[in-house]
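Here is the structure we will look at, set down as C-alpha cells.
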Amino acid sequence: MQNSNDSSSAAHGGVVLAGLSKRYADGTTAVDNIDLRIEPGTYCCLLGPSGCGKTTMLRMIAGHETLSEGAILIDGKNVTGRTPRERGTAMMFQNYALFPHLSVRDNVAFALRVRGIDKKARLFEADRVIEQVQLTALANRLPGQLSGGQQQRVALARAIVMKPTVLLLDEPLSALDEFLRLQMRGELRSMQRTLGITFIHVTHTQLEAIAVADQVVVMDKGRIAQSASPRVIYAEPRTEYVAAFIGGQNVLHGEVTALSDAGVTLRGAQGANFLLPRDGSTLQTGQTVSFAVRRDRMQVTGDTEAVALAPNSLRGRVRELEYQGIYMKVSLTTEDPAAPGCVVYVEENTFFKDPVSVGQPVRCHWAADEAHGLAAMA
Ligand code: ATP
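Heads up: the sequence shown begins at -18 in our numbering, then just goes up one per residue.
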C-alpha cells in the first residue's frame, strides 16, 4: 500500500496480521482468520457496521485482548502475547479515560511516571507533547474544565507521549459535534504525518474513513470485505456489500446475454441492455451479475414512455428531490424490482438548465465505462 506520508523513509509501525481469529467463550467469532498488511507510517481506518469485529481487532493489535489463533507482527517482530509496552503500541480510548483529579499536565505525565521516569524529565516531555497538541495555555486545568475537543487532545497527548510506533484510536471522534469532528480529524491526520508512525483508527463513519485514511479496511462479520486506498474503495468497491456500505453507488443487476472482447452484455428487468467492461472474470451466459454505477455518474432526462429504452438506462419516476447545494439529489422509483430505488446526483447548474419534478416519468442513463462489475458475495 502506497501511503501519502512525506516522511515514509523514517516511518515506523508496519503491522502484519496473519490468520488472526478471536472466538469469545460464548462461541461468538468476532474476528475470523484475518490476513492484513499495514505498511509503516500508514493512516489505516477499520470501517464497518456495529458488531463486525473492528474493536476486537484493534484491541488484539494493542495487546489488550488475547488471540484465539494467528500472529501479530510489528516492524517484522512477532509481538503476539507481548504487553502493549513491549510491542510499542498505545491506545486512545473512545471515552478518553482521563483522570478527573489530575491536571492536563499530570494526566499526560502519568504514563511516564509509571515507567519510572524522574519528575523533571517527565514534566519536560509532557509539556513538549502538550505544546504539540496546542494545549499549553490549559496545562494546569482539570479535565472537567475542558471542552470535548480539548479533552480529546489531552487523550491524544497522553497516547503519543509514550512514543508508540503504532497508535490505535477507538472511535476517537464519536463524542464530538459535527464541527469539531471535522476539525479534529484534520488534526489527527496532520499529527500522524508529523509523527511518521502508523495510526489505526476504528470508525463506522464512511466519510471519516475516506477523508483521513491511506488505507481503508472494510469489515463484514469478522472478515475483511476489502482493503484498499479510499479512492479504490469508493470508485471500485469489490462487492455489493462494500458498494452498499460505502454509499454513493447504485447497485444494479442483469442476466448475461452475450460475452465478447468488448465487454459483457446484460439484460435488465425492464428489457434494456446493460454493457459492462470485461474484467477478466469467468462469466457465463444466463448468469445474473451485479454491477455498480456511481450516483454522480448517472444522468436523468424526461422520458417519453413510447420510446424504446436505450442501452445503459432505466425507466422510473421522480420520487423525491433534495437540494444539496452543489448538486440535486434525485431519488427515483424504477420498475426494475432488482433496483427499485435509484439515486442520481445531478450537478446544480445541469439540473436547473432542464429540471425534472416530483412524479415526472424519467430515464436515468450512464456511459458503459461507468459500470463497475461486482464480485459475488461470500
Ligand atoms: P461497534 O462498532 O458496535 O463497537 P465492533 O465492530 O467494534 O462494533 P466488536 O466490539 O469487535 O464489534 O464485536 C464483535 C462481535 O463480538 C460482536 O458480535 C460482539 O457482540 C462480540 N463480542 C465483543 N466482545 C465480546 C465478549 N467479551 N464476549 C462475547 N462476545 C463479544
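Heads up, the beta-carbon is just placed ideally off N, CA and C, and yes, glycines get one too.
{"Check": "If you draw a straight line from the C-alpha of H346 to the C-alpha of K202, how long is it?", "Outcome": "34 Å"}
{"Check": "Using the Cα positions of V183 and V12, report the straight-line distance between them to the nearest angstrom.", "Outcome": "14 Å"}
{"Check": "Roughly how many angstroms separate the alpha carbons of A352 and S241, rounded to a whole number?", "Outcome": "16 Å"}
{"Check": "For D7, is the beta carbon positioned less than 7 Å from some heavy atom of the ligand SAH?", "Outcome": "Inclusion of the ligand SAH in the displayed structure is not the case, the ligand content consisting of the ligand ATP alone."}
{"Check": "Answer yes or no: does any C-beta atom of chain C fall closer than 8 Å to that of R109?", "Outcome": "In summary, chain C is missing from the structure at hand, where a single protein chain is found."}
{"Check": "Can you tell me whether DSSP reads A349 as helix, strand or coil?", "Outcome": "helix"}
{"Check": "Measure the Cβ-Cβ separation of V197 and R139 and say whether it is below 8 Å.", "Outcome": "no"}
{"Check": "Does the Cβ of G340 have 16 or more other Cβ atoms within 10 Å, making it buried, or fewer, making it exposed?", "Outcome": "exposed"}
{"Check": "Using a 10 Å radius around the Cβ and a threshold of 16 neighbouring Cβ atoms, would you call E20 buried or exposed?", "Outcome": "buried"}
{"Check": "Short of 7 Å in beta carbon distance, which residues of its chain neighbour A102, apart from the five on each side in sequence? Order them along the chain.", "Outcome": "none"}
{"Check": "Using a 10 Å radius around the Cβ and a threshold of 16 neighbouring Cβ atoms, would you call E159 buried or exposed?", "Outcome": "exposed"}
{"Check": "Roughly how many angstroms lie between the CA atoms of R109 and H234, to the nearest whole one?", "Outcome": "57 Å"}
{"Check": "Measuring straight from C-alpha to C-alpha, what distance separates E189 and Q75?", "Outcome": "15 Å"}
{"Check": "With DSSP run on the structure shown, which of helix, strand or coil describes V339?", "Outcome": "coil"}
{"Check": "Can you list the beta strand (DSSP E) stretches of 3 or more residues lying completely in the stretch 248 to 336, in chain order?", "Outcome": "254 to 257, 269 to 275, 280 to 283, 294 to 304, 308 to 315, 322 to 328"}
{"Check": "Contact between the stretch -2 to 15 and the stretch 41 to 56 is defined here as three or more beta-carbon pairs at a separation below 8 Å; is this criterion met?", "Outcome": "yes"}
{"Check": "Starting from V183, trace the alpha helix (DSSP H) both ways and give me its first and last residue.", "Outcome": "Per DSSP, V183 belongs to no alpha helix (DSSP H); it is in the beta strand (DSSP E), 179 to 184."}
{"Check": "When the distance is taken between beta carbons, is L39 closer than 8 Å to V85?", "Outcome": "no"}
{"Check": "Grab the span of the alpha helix (DSSP H) containing A192 for me, first residue to last.", "Outcome": "187 to 193"}
{"Check": "Whole angstroms is fine: what's the gap from R259's alpha carbon to T315's?", "Outcome": "26 Å"}
{"Check": "Quick one: measure Cβ to Cβ for V142 and L104, integer angstroms, because I've assumed they're closer than 8 Å.", "Outcome": "Rounded, the Cβ-Cβ distance is 11 Å, inconsistent with contact."}
{"Check": "Does the beta-carbon distance from F276 to V325 come in below 8 Å?", "Outcome": "Going by the sequence as given, residue 276 is Arg instead of Phe. Going by C-beta atoms, R276 is nearer than 8 Å to V325."}
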